[in-house]
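Engineer: In order, the protein sequence lines correspond to chains A and B.
For the first sequence, numbering that gives the first Met the number 0 gives the first residue as 0, with consecutive numbering after it.
For the second sequence, numbering that gives the first Met the number 0 gives the first residue as 0, with consecutive numbering after it.
Let me begin by handing over the structure; questions about it come next.
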Amino acid sequence: MEFVSPEGLRLDGRRPMEMRQIRAEIGAVAKADGSAVFEMGNTKVIAAVYGPREVQNRTQQINDQALVRCEYSMANFSTGDRMRKPKGDRRSTEISLVIRQTMEACILTHLMPRSQIDIFVQVLQADGGTRSACINAATLALADAGIPMRDLVTSCSSGYLNSTPLLDLNYVEDSAGGPDVTVGFLPKLDKVTLLQMDSKLPIDIFENVMQLAIEGCKAIANYIREIMLENTKQLEYRRGI
Amino acid sequence: MDTHTPFQKLNLRDHILDSLIAITVADIAATGATTCARIGTIVAATGTIVATAGKWFSKIQVGGKQMLFPVLNLENPSSLQPDKGKVAIHVDCSPSAAPMFEGRGGEELSTELSVALQHCLLGAKSGAGAGIDLSSPIVAEGKICWDFYIDCLVVCSDGNLLDALGSAIKKAALSNTGIPRVHVATGALGDEKPEVDISKEEFLQFYTSNIPVIVTLTKVGWHYIEDANSEEESQLSSAISISVNRK
Chain A
0 MEFVSPEGLR LDGRRPMEMR QIRAEIGAVA KADGSAVFEM GNTKVIAAVY
50 GPREVQNRTQ QINDQALVRC EYSMANFSTG DRMRKPKGDR RSTEISLVIR
100 QTMEACILTH LMPRSQIDIF VQVLQADGGT RSACINAATL ALADAGIPMR
150 DLVTSCSSGY LNSTPLLDLN YVEDSAGGPD VTVGFLPKLD KVTLLQMDSK
200 LPIDIFENVM QLAIEGCKAI ANYIREIMLE NTKQLEYRRG I
Chain B
0 MDTHTPFQKL NLRDHILDSL IAITVADIAA TGATTCARIG TIVAATGTIV
50 ATAGKWFSKI QVGGKQMLFP VLNLENPSSL QPDKGKVAIH VDCSPSAAPM
100 FEGRGGEELS TELSVALQHC LLGAKSGAGA GIDLSSPIVA EGKICWDFYI
150 DCLVVCSDGN LLDALGSAIK KAALSNTGIP RVHVATGALG DEKPEVDISK
200 EEFLQFYTSN IPVIVTLTKV GWHYIEDANS EEESQLSSAI SISVNRK
């Protein structure tokens, strides 16, 4: 099947290096300490952060740093076919672990010993790139909760189909069976905090694809920074500053 | 508000207090309790977010609660009751609503809400007292009918979930649903699966006028209040949920 037409257009009309439209909103869940909604094209994700708070399970308490926990769940209706079991399956457990490790690397956990930070990510609509959208939403939610971090964590995926590196795969391109590289990136520190790949790629092409994903991450970081600035202005305005 | 219409015995569980309560209507009439009616604002945003193969999506915000609803239609050739369609209601509490819903924590509450909604909208086992008209999802009697799956997701919870779910299902989800018109090829013999052609253009409206509305009254001290938020719910001594339809 042709994923990139001879004119250079993908199935949804994008150029190979073009990302889907992103949209973010801070403060969706009023009850949580921090929350955000992040949309990448048709993929829509809600993240809610509760914490830092007292550790619920004493045996897991760490004396010199905060405990970071994460749970990823997909709604029944998020994919095309209705899912039976939204949580607890292997894929969800793996993604929960991945997001937890990514966020833990950038939260300044030593500032909050003996406490617990819970990150709950809920996928409302899945159209490829849910992992990335979850990490981006978690970053915004953590910022909304006021949890100290080293840097923003942004994430983007890229692939390689029809001999073309493609940025930000959607579901159809993702399920094509080609390589799918997900990168989690700290833009200011210029460091990679997450790197995952399915399938296989020659090493020189891999470098190109990864670089493309990193560019995507930087673009998302700019957008996230704008959203956060806008949010802060709103807060200042409401406080009467 | 009329409360003489079919009383459904519902279990409403408070998030914080572990108590299952079922009260009869006669009790309320007998005590002559005063009702403080204070209905929270209901803001419903409906819209088609993803319309693939018959999936509609709408989001409703009631007071401090947000729920998301899709009504997913699947065509299913089996039918135990030959002249009725099938409806399945499922509620899921997302951990973003409260940390205690993580893992399997929210399962109990989800099941309770699902069962309560099923009783309310689908009536008893025999189908008596059903709110949703089950004959509209029929395509070919005895052979094919529509399967409705109503999946609810609670994203943010601030008390009084049952009311919000009830009004969300009625107003937002089902009124926004269109059943695609299906043409069945004639001349299908016996048990053969008939040819179906699902139209992408024509839609039949789903009738929601008979679907009941659920109202929960919680007793706090000496007063009954409506649409309690979580703080008020934490102080309740008893609660009653009534679903009322047009009749």
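C-beta atoms are modelled at their ideal positions from N, C-alpha and C, and glycine is treated no differently.
1) Where does A/Met39 sit, in a helix, a strand or coil, going by DSSP?
2) Consult DSSP for A/Val120 and reduce its assignment to one of helix, strand or coil.
3) Tell me the residue span of the beta strand (DSSP E) that contains B/Lys85.
4) I'd like to know if B/Gly102 contacts chain A, where contact means its C-beta is closer than 9 Å to some C-beta of that chain.
5) Can you give the Cα-Cα distance for A/Leu151 and B/Pro98, rounded to whole angstroms?
6) At a CB-CB cut-off below 7 Å, which residues of chain B make contact with A/Phe37?
7) How should A/Glu38 be labelled, buried or exposed, when 16 other C-beta atoms within 10 angstroms of its C-beta is the threshold for buried?
8) State the beta-bridge partners of A/Gly33 as determined by DSSP.
9) Considering only residues of the same chain and omitting the five flanking positions on each side of A/Val171, which have a CB-CB separation below 7 Å?
10) For the alpha helix (DSSP H) containing A/Glu229, name the first residue and the last one.
11) I need the DSSP call for B/Glu225, collapsed to helix, strand or coil.
12) For the alpha helix (DSSP H) that contains A/Leu96, what are its first and last residues?
13) How far does the alpha helix (DSSP H) with A/Ser162 in it extend, from its first residue to its last?
14) Does chain B have any CB closer than 9 Å to the CB of A/Leu123?
15) Based on the DSSP output, what are the partners of A/Val171 in its beta bridges?
16) Just how far apart, CA to CA, sit B/Ser77 and B/Ala87?
17) Would you verify that the beta carbon of B/Asp157 is, or is not, closer than 9 Å to some beta carbon of chain A?
18) Who are A/Met148's beta bridge partners in DSSP?
19) Exposed or buried, what is B/Glu232 when buried is set at 16 or more other beta-carbons lying within 10 Å of its beta-carbon?
20) Does the region 20 to 38 of chain A come into contact with the region 130 to 139 of chain A, if we say contact requires no fewer than three beta-carbon pairs (one atom in each stretch) closer than 8 Å?
21) Please classify A/Lys190: does DSSP put it in a helix, a strand, or coil?
22) Tell me which residues of the region 161 to 177 of chain A have at least one Cβ-Cβ distance to chain B shorter than 8 Å, keeping chain order.
23) For B/Ile168, name the three-state secondary structure that DSSP assigns.
24) Whole angstroms is fine: what's the gap from A/Lys187's alpha carbon to B/Thr217's?
25) Taking 9 Å as the cut-off, decide whether the C-beta atoms of A/Cys133 and A/Ile94 are in contact.
26) With a threshold of 7 Å on Cβ separation, who are the neighbours of A/Thr101 within its own chain once the five nearest residues in sequence on each side are excluded?
27) DSSP has B/Ile239 in a bridge; who is on the other side?
28) Based on the DSSP output, what are the partners of A/Gln115 in its beta bridges?
29) What in chain A is Cβ-close to B/His89, meaning under 7 Å?
30) Quick check on this structure: which residue in B/Thr215, B/Val219, B/Ser229 and B/His222 has the alpha carbon closest to the alpha carbon of B/Val243?
31) Would A/Gln121 and A/Ser72 be called neighbours here (beta carbons separated by less than 9 Å)?
32) Measuring CB to CB, does A/Asn169 end up less than 9 Å from A/Asn41?
33) Between A/Glu53 and chain B, is any beta-carbon pair separated by less than 9 Å?
34) Does the separation of the CB atoms of A/Asp167 and A/Ser174 fall below 9 Å?
35) Please confirm whether B/Ser166 and B/Val212 have their CB atoms less than 9 Å apart.
36) Please classify A/Lys232: is it buried, with 16 or more other beta-carbons within 10 angstroms of its beta-carbon, or exposed?
Structural biologist: According to the structure shown:
1) The answer is strand: DSSP assigns A/Met39 an E or B state.
2) In the structure shown, A/Val120 sits in a strand (DSSP, three-state: E or B).
3) Residue range Lys85 to Cys92 is occupied by the beta strand (DSSP E) that includes B/Lys85.
4) Closer than 9 Å: yes.
5) Whole-angstrom Cα-Cα distance: 24 Å.
6) At a C-beta separation below 7 Å, A/Phe37 has no neighbours in chain B, since its nearest C-beta there lies roughly 13 Å away.
7) By the 10 Å Cβ count, A/Glu38 comes out buried.
8) Its beta-bridge partners are A/Val48.
9) Correct list, in chain order: Leu10.
10) Ile202 to Arg238 is the extent of the alpha helix (DSSP H) around A/Glu229.
11) Residue state, collapsed to three classes: strand.
12) First-last of the alpha helix (DSSP H) with A/Leu96: Arg89 to Cys105.
13) No alpha helix (DSSP H) contains A/Ser162, which DSSP labels as neither H nor E.
14) True, the Cβ-Cβ gap to chain B drops below 9 Å.
15) Per DSSP, none; premise fails for A/Val171.
16) Only weak support exists for where B/Ser77 lies, its pLDDT of 44 falling under 50; the value from the coordinates is given anyway. For B/Ser77 and B/Ala87, the distance between alpha carbons rounds to 14 Å.
17) When Cβ-Cβ separations below 9 Å define contact, B/Asp157 makes contact with chain A.
18) Beta-bridge partners assigned by DSSP to A/Met148: A/Ile106.
19) Result: buried.
20) Between the region 20 to 38 of chain A and the region 130 to 139 of chain A there are three or more C-beta pairs closer than 8 Å, enough to call the two in contact.
21) A/Lys190: strand per DSSP, three-state reduction.
22) Along the region 161 to 177 of chain A, none of the residues has a CB nearer than 8 Å to a CB of chain B.
23) If DSSP states are grouped into helix, strand and coil, B/Ile168 belongs with the helices.
24) CA-to-CA, the gap between A/Lys187 and B/Thr217 works out to about 52 Å.
25) Using a Cβ distance threshold of 9 Å, A/Cys133 and A/Ile94 count as a contacting pair.
26) Setting aside the 5 residues that flank it on each side, A/Thr101 is surrounded in the same chain by Ile134, Val152, Gly183, Thr192 and Leu193, each with a C-beta closer than 7 Å to its C-beta; the list follows chain order.
27) DSSP lists B/Leu216 as partners of B/Ile239.
28) Bridge partners of A/Gln115: A/Arg52 and A/Leu66.
29) Within chain A, the residues near B/His89 are Asn75.
30) A check of alpha carbon separations from B/Val243 across B/Thr215, B/Val219, B/Ser229 and B/His222 identifies B/Thr215 as the nearest.
31) Taking 9 Å as the cut-off, the Cβ atoms of A/Gln121 and A/Ser72 count as close.
32) Between A/Asn169 and A/Asn41, the C-beta spacing is below 9 Å.
33) No, no contact with chain B.
34) No, the Cβ-Cβ distance between A/Asp167 and A/Ser174 is not below 9 Å.
35) Their beta carbons are under 9 Å apart, which means B/Ser166 touches B/Val212 by this criterion.
36) A/Lys232 comes out exposed.
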